[in-house]
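Written below as structure tokens is the structure these notes are about.
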Amino acid sequence: MAKDKTYKFKDGVVICGAYGRGNAGDEAILKAMIAELKALDANMPIVVMSRKPAELKKRFDVDSIFTFNPFAFLKAVKAAKLFISGGGSLVQDVTSSRSFYFYLLTIAMAKRRGCKCMMYGCGVGPIQKDSHKKFAAKIINKNVDVITLRDTTTRQLLKEIGVDKPEIVQAADPSFSLEKLSASSIDAAFKKEGIPQDQRLIAFCLRPWKDFYNYQAIADAAKYAYRKAGLVPVFLPVEVPADIQIGKDIARLIPDVPCVVCTGSHRDSEFIGMLSRMELVVGMRLHSLLFATEAKVPTIALSYDVKIDGFYKDLEGRHLLWVENITSEDLILAIESAFNETDLELSHRVDRFIEAEKNNAKLAKEYLFGTKGNVVKILDFPIMNLTMESAINRFSAMLEKDKMSIVVTANPEILNMASKNVELAHVVRNADMVFADGIALLTISKFFKTPFEERIAGIDFAYNACKECAKKGTKVFLLGGKEGVAEKAAENLMAEIPGLNIVGTHNGYFNETEDLEIVEEINNSGAEFLCVAMGAPRQELFMAHNQDKLKVRVGVGIGGSLDVWSGNINRAPEFYLKHGIEWLYRLISEPKRFGRIIKIPFFMIKAIFKH
Ligand code: UDP
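Counting in the working numbering, the sequence shown runs from 20 upward without gaps.
What follows is the structure in structure tokens.
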């Protein structure tokens, strides 16, 4: 039992990404993510994996561990509830296969340690090798709960490689939530770099790249912008020192143009602020384009990677050139045309990104604090980790909806059947609420290191739901059991629960051809809550087959509960309930159940091995 405690209080997040390498884009993403997570809960433990943990700790006021320290990593994910891989394009094999495996394996290990796994505001790809595509799909399908995307192109790639298990939500790069710095701070940064404040400027944010060698094209375009429109070229590095030399090399090609080659490192908000003072930004680095867009400055994208294409496609940007075959003429034409872009067009597009970006934090919140974070998959069926109180709250909300909601009380028997019965599997997977009714499920969840809060027996849930109905004046219908059982159960329940209005009952012995008649009877009664006690899978399939015709708001399958409420069968005494051995009592009082109960250990073994 003591062992459970360590997991029960899993809390906070571990963030894994390309942090601590001096890239303003990555640091911007991290800054935005930390701010978003702290806004959800200011006291939430946050651990960031970084190549420079001490520096990161100081700058962001969060805990940080060295990226390649496996012991610190395992300790951190053991304590955390959510593992965030991202942002940026981590899963790709262009820069190296090592990082590709590293980012995927950290996800798998975090999952094994009981974390929910989220790929946050990310891009994926390019993935060149077929074996890598298969590996990525396998790891992501098995371990990732949710992916928030920074571009729509990634969605297509995920589909192509076969990623279909995690929840996939369109978002945007986290850094869209950042604001630019105050005017005086931008003035100071300009002064430090020697950028003239009284002239019109064009920024070039370039990076060295294996297929980019036509520096003369950039030099010609810079010269043209200066001669034609009086724009002073500013070479602004995103990654320092990596991007500095290229600016120097190009400036040397145009000695008669007064260029500024910046050498300092400017972080996110400062960078956005600096770009906001440019007339035009020619960017190779994704974050130069992103920051310029945020600052509502027109851009020309010089693409070297799908992430640039992806962002530019979503931006509906008009000026994208590939660096490997760039020419002076193309770039000059693009510069001329980019000037014609209106502020209004840009504003609309930026607002769209800012709105979509909110999905990153929204999903993190749902997995950290909402019911999504509390789903345990058993035999691939997602079972919600609820308390009786939260289940009744959800039930209450369902009563307000127009469409009928179906509640499934999952026990080993139902899940076993569902693993062999496609129709039942569909009902279980698509039910509006599925909770754990059965001590075997609790044991399995402990084994998975994501224990259920409590067992919610179907009979107890239905009883509490009836109490809720009594409070709200909601009408109830009892369906199931032998002739007379539902009537007797209704009589007893109404005597026990003051104000409960059971408006109809019917026995559970009819065949499917009579379903319609029964549905009509239920609809005519005006009931809004339907308890179906016909055993699984009949009760679940009855609800699912007739979901569109039934006018009730909520239906739940409750097995033999009517037999108990009617007084025909006794519920197990408190001792059995308290010790999780209700099954033993039922076995003693109904020995014919032996055949059903003996299947449970086999179910548990299957569930554990399939995990
Ligand atoms: N039942 C029914 N119609 C049928 C078969 C069964 O109404 O066609 C009733 C049966 O009388 C009993 C309940 O469904 O009241 C099944 O209870 P069971 O013990 O199988 O459910 P459990 O509580 O184990 O889920």
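All C-beta atoms in this analysis are idealised placements derived from N, C-alpha and C, irrespective of residue type, glycine included.
Query	Result
At the level of alpha carbons, what is the spacing between F613 and V394?	30 Å
Consider the C-beta atom of K494 and the heavy atoms of the ligand UDP; say whether any pair is separated by less than 6 Å.	no
Where DSSP assigns a beta bridge to H525, which residues make up the other side?	L498
Give me, in chain order, the residues of the same chain whose beta-carbon lies closer than 7 Å to that of K152; leave out the 5 immediate sequence neighbours on both sides.	I146 and I180
Which residues mark the beginning and the end of the beta strand (DSSP E) in which I221 is found?	L220 to C224
Excluding the 5 residues flanking L334 on each side, which residues of the same chain have their C-beta closer than 7 Å to its C-beta?	T312 and R368
Assign V113 to one of three DSSP states: helix, strand, or coil.	coil
Among the residues of its own chain, which have a CB less than 7 Å from the CB of L305, if the five just before and after it don't count?	G44, K326, I327 and F330
Spell out the partners DSSP gives G107 in its beta bridges.	C141
Determine whether the beta carbon atoms of V96 and C134 lie at a separation below 7 Å.	yes
Excluding the 5 residues flanking M137 on each side, which residues of the same chain have their C-beta closer than 8 Å to its C-beta?	L101, F102, I103, S104, G105, V163, D164, V165, I166, T167, L382, A383 and Y386
Could you tell me which residues DSSP puts in a beta bridge with I319?	V301
Let me check you understand the geometry: is the CB of A509 closer than 6 Å to at least one non-hydrogen atom of the ligand UDP?	no
Could you check where the alpha helix (DSSP H) with I351 kicks off and where it finishes?	S347 to A357
Per DSSP, what kind of secondary structure is I84 in: helix, strand or coil?	strand
By how many angstroms is the C-alpha of V188 removed from the C-alpha of I478?	36 Å
Find the nearest neighbour of A244 within the set L350, K148, V259 and Q216, judged by alpha-carbon distance.	L350
Quick one: measure Cβ to Cβ for I237 and L220, integer angstroms, because I've assumed they're closer than 8 Å.	Not really, about 16 Å apart at Cβ, beyond 8 Å.
Quick one: give me the first and last residue of the alpha helix (DSSP H) that V583 is part of.	S580 to W584
Taking the beta carbon of V583 as the centre, do at least 16 other beta carbons fall within 10 Å, making it buried, or is it exposed?	buried
Would you grab the beta carbon distance between A241 and I214 for me? Rounded to a whole angstrom, and I think it's under 8 Å.	The Cβ separation is near 15 Å, so there is no contact.
To the nearest angstrom, how far is it from the Cα of E408 to the Cα of M452?	13 Å
Under the three-state reduction of DSSP, which class applies to I53: helix, strand or coil?	helix
Where does the unbroken beta strand (DSSP E) through Q189 begin, and where does it stop?	E186 to Q189
According to DSSP, simplified to helix, strand and coil, what is S295?	coil
Can you grab the Cα-Cα spacing for the pair M20 / L434, in whole Å?	Low confidence applies here, because M20 scores a pLDDT of 30, under 50, leaving its location unreliable; read the following figure in that light. Computed Cα separation, rounded: 26 Å.
Do D287 and L197 have their C-beta atoms closer together than 7 Å?	yes
Under a Cβ-count criterion, where at least 16 other Cβ atoms within 10 Å of its own Cβ denotes burial, should S322 be classed as buried or exposed?	buried
Please classify Y482 as buried or exposed, where buried requires at least 16 other C-beta atoms within 10 Å of its C-beta.	buried
Quick one: what does DSSP say N520 is sitting in, helix, strand or coil?	strand
When DSSP builds the beta bridges, which residues end up paired with F400?	I397
Quick one: what does DSSP say I265 is sitting in, helix, strand or coil?	helix
Helix, strand or coil: which one does DSSP assign to N160?	helix
Mind pulling the alpha helix (DSSP H) runs of 4 or more residues that sit fully within the segment 534-592?	534-544, 557-564 and 580-584
Based on DSSP bridge pairs, tell me the residues matched to N42.	E258
Between F471 and the rest of its own chain, which residues show a CB-CB distance below 6 Å, the 5 nearest in sequence each way excluded?	N404, A455, L461 and S464
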